[in-house]
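In our numbering, the protein residues as written are 77 to 166.
In this text, a Cβ means the ideal position worked out from N, Cα and C, and glycines have one as well.
Here the structure is laid out as structure tokens; the discussion comes afterwards.
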């Protein structure tokens with residue numbers, strides 16, 4: 077009788093461990109997917125910011141008449157931060 081109870085207990089424990097393992101694997105896969113999506117979004121964001129920065133390096137009359145230098149100074153900061161973040165994620 078004790079042997080049967082022990083077998084049932086260990087079988088239940090094994091089922092619990094296997095289900096927990098599956099749950100953790102699913103979370104890991106989801107986390108990797110989320111990270112890849114974030115990296116892709118960040119890459120697109122960096123490309124957009126760098127594109128805007130390249131245009132702002134040659135200010136137009138409208139950009140220079142509104143607030144001279146404000147746009148030009150702000151965007152390179154974003155590009156620098158973005159490049160650092162991208163390097164850390166690679």
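Length of the line joining the Cα atoms of residue i and residue j
{"i": "residue 108", "j": "residue 91", "result": "26 Å"}
{"i": "residue 101", "j": "residue 94", "result": "11 Å"}
{"i": "residue 111", "j": "residue 98", "result": "20 Å"}
{"i": "residue 119", "j": "residue 105", "result": "21 Å"}
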